[in-house]
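Everything below concerns the one structure shown next.
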DNA sequence: ACTTTACTTTTAAAAGC
DNA sequence: GCTTTAAAAAGTAAAGT
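Protein chains in written order, with our numbering: chain B, 3 to 188; chain W, 20 to 222.
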């Protein structure tokens, strides 16, 4: 039984999408002056939304990548909004986009400090290199995620494809830390 | 010293040619970084393991050799930073760090966490500090160290701050800049670590 | 000295070099 | 491997006041 209840907050959701048709990025650039498109630098066009505050990359293939959402649903809504704006701008988009959540990033507070040095020695699949980065990097197998642990007791969980996986990852790790006496509560 | 590997070079296979290049490169780095033969032999051993695992394909051999040397330093607790290896090998720190992580994962290597106490001597000799100050700094780090102020902090920054505090207590006139330069960190970092040290040691 | 900006790490997808 | 997007964690760094 964990001694504290972790506070989890989703910070970023990455979703891939497709409208299944070729897109003319130069035409979009003409009708939407504030998009960024530098084909020599990167093949995707950057389409930013103020609400939800997101950035969507649009490729000539009609495939897209939406980043910056705070939830799975917000990501789907953002993609729909982008397609809607394109249509209002006169760009023909026949089908609605199909969306797939690719990555969820969350920050967590375990409510107690972590003994990083000991964790580095006892946690499998972990790397702790304070010369390079202050956090310990732990690769969890199930769910397949990567968790960054900091001595403050805060974490970053990334790689999850659905929100329940974030909670499962955090609970697995929290139990493991307590089991190995790596948690320090006030 | 590198007899074990040199003997294998008698057979002229591509692999041995690769080894020869690795050995000459390691010998060159050995002088620049002033590390012992044991470190070089360990680096050669790690490099050979990397070759056997086929980790060199499509990768920079020089970067792999440099990272094998860094791994050897870590394994033998020889205080050499990625920055040190980078300057000696002319390979970007980021590339060495990336290869080092590759070695850890692919060869299943487990390295000890860098002990800031082991960094004291190197910084002290570069800055020309006394034996007494080194001893004092060691005591400071052992006392504070490490109830927890060290977690997540750069070992060189911690050692540099401890040495600076030791200088002040021993009346050895050395500026933060002198110590910072010898340690390869900024004065700001020494000041920040100093704050934590002051609290942990009731200075 | 203090603030601001920025880079370190991790993750995933997109198209192309 | 790189290029681009976003985001958090905490440490380090550099530039400007």
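Glycine included, C-beta positions come from ideal geometry on N, C-alpha and C.
Just so you know, these numbers come straight off a predicted model, no measurement behind them.
Please classify residue 176/B as buried or exposed, where buried requires at least 16 other C-beta atoms within 10 Å of its C-beta.
Buried: at least 16 other Cβ atoms inside 10 Å.
Delimiting residues of the beta strand (DSSP E) encompassing residue 189/B
The shown model of chain B, from 3 to 188, leaves out residue 189/B, and the question about it has no answer.
Boundaries of the alpha helix (DSSP H) in which residue 144/W is found, first to last residue
Residue range 136 to 146 is occupied by the alpha helix (DSSP H) that includes residue 144/W.
For a minimum of 3 consecutive residues, which ranges assigned as the beta strand (DSSP E) are wholly contained in the stretch 142 to 185 of chain B?
Taking only runs of at least 3 residues, the beta strand (DSSP E) segments lying wholly in the stretch 142 to 185 of chain B are 147 to 151 and 156 to 162.
For the 8 Å Cβ check, are there 3 or more pairs between the stretch 82 to 91 of chain W and the stretch 112 to 129 of chain W?
The stretch 82 to 91 of chain W is in contact with the stretch 112 to 129 of chain W.
At which residue ranges does the stretch 146 to 207 of chain W contain complete alpha helix (DSSP H) runs of 4 or more residues, listed in the order of the chain?
List check, alpha helix (DSSP H) in window: 150 to 163, 174 to 189 and 195 to 202.
Residue 105/W: first and last residue of the uninterrupted alpha helix (DSSP H) it sits in:
According to the DSSP assignment, residue 105/W belongs to the alpha helix (DSSP H) that extends over 101 to 108.
What does residue 100/W reach in chain B if we use C-beta pairs closer than 8 Å?
Simply 133.
Mind checking if residue 171/W is an interface residue toward chain B, Cβ cutoff 9 Å exclusive?
For residue 171/W, the answer is yes, since a Cβ of chain B falls inside 9 Å of its Cβ.
Could you give the residue range of the beta strand (DSSP E) that holds residue 109/B?
Element bounds for residue 109/B: 100 to 111.
Taking residue 143/W and residue 182/W to be in contact with their CB atoms under 8 Å, please state how far apart those CB atoms are, rounded to whole angstroms.
Contact between residue 143/W and residue 182/W is confirmed by a C-beta separation of about 6 Å, below the 8 Å threshold.
Can you check whether the C-beta of residue 77/B is within less than 9 Å of a C-beta belonging to chain W?
By this cut-off, residue 77/B is not an interface position.
Helix, strand or coil: how does DSSP classify residue 78/W here?
Under the three-state reduction of DSSP output, residue 78/W falls in the coil class, being neither helix nor strand.
Residue span of the beta strand (DSSP E) that contains residue 9/B, given as start and end:
9 to 20 is the extent of the beta strand (DSSP E) around residue 9/B.
Nearest candidate by alpha-carbon position, reference residue 34/W, set 170/W, 145/W and 73/W
Looking from the CA of residue 34/W, the closest CA among 170/W, 145/W and 73/W belongs to 73/W.
How would you call residue 184/B, buried or exposed, if buried means at least 16 neighbouring beta carbons within 10 angstroms?
Residue 184/B is buried by the Cβ-count criterion.
Contacting residues, own chain, Cβ-Cβ under 7 Å from residue 64/B (five flanking each side not counted):
For residue 64/B, where only same-chain residues beyond five positions count, the Cβ hits under 7 Å are 20, 21, 22, 23, 24 and 25.
Quick check: is the beta carbon of residue 174/W nearer than 9 Å to any beta carbon in chain B?
Yes, residue 174/W counts as interfacial toward chain B.
How about residue 186/B and residue 110/B: are their beta carbons less than 9 Å apart?
The Cβ atoms of residue 186/B and residue 110/B do not sit closer than 9 Å to each other.
By alpha-carbon positions, which one of 171/W, 139/W and 148/W ends up nearest to residue 161/W?
Measuring from the Cα of residue 161/W, the nearest candidate turns out to be 139/W.
Return helix, strand or coil for residue 214/W, following the three-state DSSP convention.
In the three-state scheme derived from DSSP, where H, G and I count as helix and E and B as strand, residue 214/W is classed as helix.
Helix, strand or coil for residue 119/W? Go by DSSP, reduced to three states.
Of the three classes helix, strand and coil, the one that applies to residue 119/W here is helix, per DSSP.
Among the candidates 145/B, 159/B, 146/B and 143/B, whose CA atom is the shortest distance from the CA of residue 137/B?
When only C-alpha atoms are compared, the closest one is 159/B.
Apply the 10 Å Cβ neighbour rule to residue 100/B and answer buried if 16 or more other Cβ atoms are within range, or exposed otherwise.
Answer is exposed; the Cβ neighbour count stays below 16.
Going along chain W in order, which residues have a C-beta closer than 8 Å to the C-beta of residue 122/B?
Close partners of residue 122/B in chain W (Cβ separation under 8 Å): 132.
Closest residue to residue 136/W among 92/W, 122/W, 174/W and 50/W (Cα-Cα distance):
Residue 174/W holds the alpha-carbon nearest to the alpha-carbon of residue 136/W among 92/W, 122/W, 174/W and 50/W.
Beta-carbon separation (whole angstroms), residue 49/B vs residue 34/B, contact threshold 8 Å:
Contact between residue 49/B and residue 34/B holds, with the beta-carbon distance rounding to 7 Å and staying under 8 Å.
Going along the chain, which residues of its own chain have a beta-carbon closer than 6 Å to the beta-carbon of residue 198/W, five neighbours each way excluded?
For residue 198/W, where only same-chain residues beyond five positions count, the Cβ hits under 6 Å are 146, 179, 182 and 183.
Who are the neighbours of residue 123/W on chain B, taking C-beta pairs under 7 Å?
What residue 123/W touches in chain B: 129.
Checking contacts by CB at 9 Å: is residue 2/B closer than that to chain W?
Beyond the ends of chain B as shown, which are 3 and 188, falls residue 2/B; an answer cannot be given.
Determine the direct distance from the alpha carbon of residue 72/B to that of residue 15/B, and round the result to whole angstroms.
If you draw a straight line from the Cα of residue 15/B to the Cα of residue 72/B, it is about 6 Å long.
Quick one: using the 10 Å Cβ neighbour count with 16 as the cut-off for buried, is residue 11/B buried or exposed?
Residue 11/B is exposed by the Cβ-count criterion.
Using a Cβ-Cβ distance under 9 Å, would residue 107/W count as near chain B?
Closer than 9 Å: no.
Would you mind telling me which residues of chain B sit closer than 8 Å to residue 223/W, beta carbon to beta carbon, in chain order?
Within the shown structure, residues of chain W are numbered from 20 to 222, placing residue 223/W beyond reach of any answer.
Simplified DSSP state of residue 38/W, which is helix, strand or coil
DSSP places residue 38/W in the helix class (H, G or I) of the three-state scheme.
Chain-ordered neighbours of residue 137/B on chain W, where CB pairs are closer than 8 Å
From the beta-carbon of residue 137/B, the residues of chain W found nearer than 8 Å are 171.
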